[in-house]
Structure formats: structure tokens, C-alpha cells
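This report concerns only the one structure given below.
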Amino acid sequence: MSPTPGIGAIGGTVWRGHATLIDGSRAEWRWAPLRSLTGLGFAADWTIAGSGNDLAGVAVIGMNTTTIEAASGTASGAVLAAALPYLHFTCAMPLQVNIKRIRIGGGSQGAEGEVNAGSGLCAPRGGGAATLTPSMVLSLTRVGSDSRILLVPAGQRRRTLAEGSLSEDGKLQLRVTPEGSQVLPFAAPAGGIGIETSF
Numbered sequence: 184m185s186p187t188p189g190i191g192a193i194g195g196t197v198w199r200g201h202a203t204l205i206d207g208s209r210a211e212w213r214w215a216p217l218r219s220l221t222g223l224g225f226a227a228d229w230t231i232a233g234s235g236n237d238l239a240g241v242a243v244i245g246m247n248t249t250t251i252e253a254a255s256g257t258a259s260g261a262v263l264a265a266a267l268p269y270l271h272f273t274c275a276m277p278l279q280v281n282i283k284r285i286r287i288g289g290g291s292q293g294a295e296g297e298v299n300a301g302s303g304l305c306a307p308r309g310g311g312a313a314t315l316t317p318s319m320v321l322s323l324t325r326v327g328s329d330s331r332i333l334l335v336p337a338g339q340r341r342r343t344l345a346e347g348s349l350s351e352d353g354k355l356q357l358r359v360t361p362e363g364s365q366v367l368p369f370a371a372p373a374g375g376i377g378i379e380t381s382f
């Protein structure tokens, strides 16, 4: 039985271990003791390899925070499913990841980086019609004390599919535009949708 959607068997120890993703790729992590001291939490270097994945980065888990830093490389939709297991859709598309920093929890939350998604297929979990999606760019940009979230078609920065913000205290606002709901019907009802939540 999978402990988390998108993740299969887990082995090793908390200090050095591995897990198999649903696409057959392998995630590995190794404790980084010095970084754990300076980051005031459990820090680990991690990699995901195989089945179209070649991704590496650093994770720091604190008392009430999770930070991902220097995450870069190529990834598949299976990595997206493992990282965001409660999305109500799944995607098969190539991803080019360049994340400088994402921090969730605590008082200095934020996100910086960019993800380029190639054309692919997305469908609701549990069945439903698949949608061919265009190449897209997700940008995460620090603007003052907030982080701006923007999803656009590749090469068309003026066509907004989704936009939002994450504040330092964890308030997330996200809006799928009417055009976004047409391009990504599995993600939002016709006419778009707005979401507000907190971490």
C-alpha cells in the first residue's frame, strides 16, 4: 500500500533512504548534518532519477516549516503527483524545474523560481476525459513581502491562465482566469475560480 499518492515502496532510514515513485523512478535522500545545524532543522540532499526524471535539491524540515532550495533539473508528472498528492487531477508532461527557494510554514514563507512545462495530457483523478495542454511557464517571483504566482502559455506572457500570491504569513490566493478554465478544464469550472487558504 502506498503511504502517499504517487509514492510506492520506501526503504532505508531517515538518515539515508529511498522511495519508488509510481512511474518507476527512484527518490533518494541523505542527511546533511552541517546544513541541519545552520538551518535549525532536519536537512537532506535529495535526488530523483529514472523514467524521464533527473532532479536534485535540498530540503530542510523544521518544527513547523518545510523549505526546498536549489531544486533543478527535469521531472515528470509523477513527481508533481508525489509533491502535490491532493490535486484532483494528474498530468503526463515533461517539466524543466529551476526553483531557488520555497518555504511553507512559519513567518517567512515565500517562493522563488520557475517551472517550464512541455505540452502534455492532464485528466481528473479517478477517470474522465484527458485534455491536451500547451507548453506553459509557472513563475514564482518575490514582490516586496509577498511571492507572486503566474501561469502563462510559453512565449505568451500577456495571456494569464492563473495568478495569485503567497504572503509571508502563509495566506495563499489563487485565481484561475476564464481563459485558464478553457485551457485547463480539469483544474477549474467554466468561467474560472478563485481560491483563498492559509498554510
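Each residue of the sequence shown is one higher than the one before, starting from 184 at the first, in our numbering. Every residue, glycine too, gets a C-beta built ideally from N, C-alpha and C.
Subject >> Segments assigned alpha helix (DSSP H), at least 4 residues, entirely inside the region 258-338 >> reply: The region 258-338 contains these whole alpha helix (DSSP H) runs: 260-266.
**OP:** Identify whether Glu362 lies in helix, strand or coil by the three-state DSSP scheme.
**Re:** In this structure, Glu362 counts as helix in the three-state DSSP scheme.
Subject >> Own chain residues within Cβ distance below 8 Å of Ala192, not counting five before or after >> reply: If you ignore the 5 residues before and after Ala192, its C-beta comes within less than 8 Å of the C-beta of Ala202 and Thr203, all in its own chain and listed in chain order.
Original post:
How far does the beta strand (DSSP E) with Arg199 in it reach, from first residue to last?
Top reply: Arg199 -> beta strand (DSSP E) spans Arg199 to Leu204.
**OP:** Kindly indicate which three-state DSSP category Arg209 falls into: helix, strand or coil?
**Re:** Note: Arg209 maps to strand in three-state DSSP.
**OP:** Kindly indicate which residue of Trp212, Arg358 and Thr273 has the alpha-carbon position closest to the one of Gly309.
**Re:** Among Trp212, Arg358 and Thr273, the Cα nearest to that of Gly309 belongs to Thr273.
**OP:** Mark Ile251 as exposed unless 16 or more other C-beta atoms lie within 10 angstroms of its C-beta, in which case mark it buried.
**Re:** By the 10 Å Cβ count, Ile251 comes out buried.
Original post:
In terms of residues, what are the limits of the beta strand (DSSP E) holding Gly240?
Top reply: That run of the beta strand (DSSP E) goes Asn236 to Ile244.
Original post:
Could you give the distance in angstroms between the alpha-carbon of Ala265 and the alpha-carbon of Asp329?
Top reply: Between Ala265 and Asp329, the C-alpha separation is close to 26 Å.
Original post:
Under three-state DSSP, which class holds Leu367?
Top reply: Correct three-state label for Leu367: coil.
**OP:** Tell me whether Ser381 is buried or exposed, calling it buried when 16 or more other Cβ atoms sit within 10 Å of its Cβ.
**Re:** Exposed, since its Cβ has fewer than 16 Cβ neighbours within 10 Å.
Subject >> Residues sharing a beta bridge with Ala232, DSSP >> reply: Its beta-bridge partners are Arg209 and Asp237.
**OP:** Determine the extent of the alpha helix (DSSP H) in which Leu220 is found, giving its start and end residues.
**Re:** Pro216 to Gly222 is the extent of the alpha helix (DSSP H) around Leu220.
Original post:
Is DSSP giving Ser185 helix, strand or coil here?
Top reply: For Ser185, the pLDDT reaches just 42, beneath the cut-off of 50, and the residue's location in the model is therefore unreliable, leaving the point undetermined.
Subject >> Limits of the unbroken beta strand (DSSP E) element including Ser161 >> reply: This structure does not reach residue 161, given that the chain is present from 184 up to 382, and the question cannot be answered.
Subject >> Meets three-Cβ-pair contact criterion under 8 Å: the region 315-324 and the region 286-303 >> reply: Taking a cut-off of 8 Å for Cβ pairs, the region 315-324 and the region 286-303 touch, as three or more such pairs fall below it.
Original post:
From Thr248, Gly377 and Ser350, pick the residue whose C-alpha is nearest to that of Gly363; which is it?
Top reply: Checking every option, the nearest Cα to that of Gly363 belongs to Gly377.
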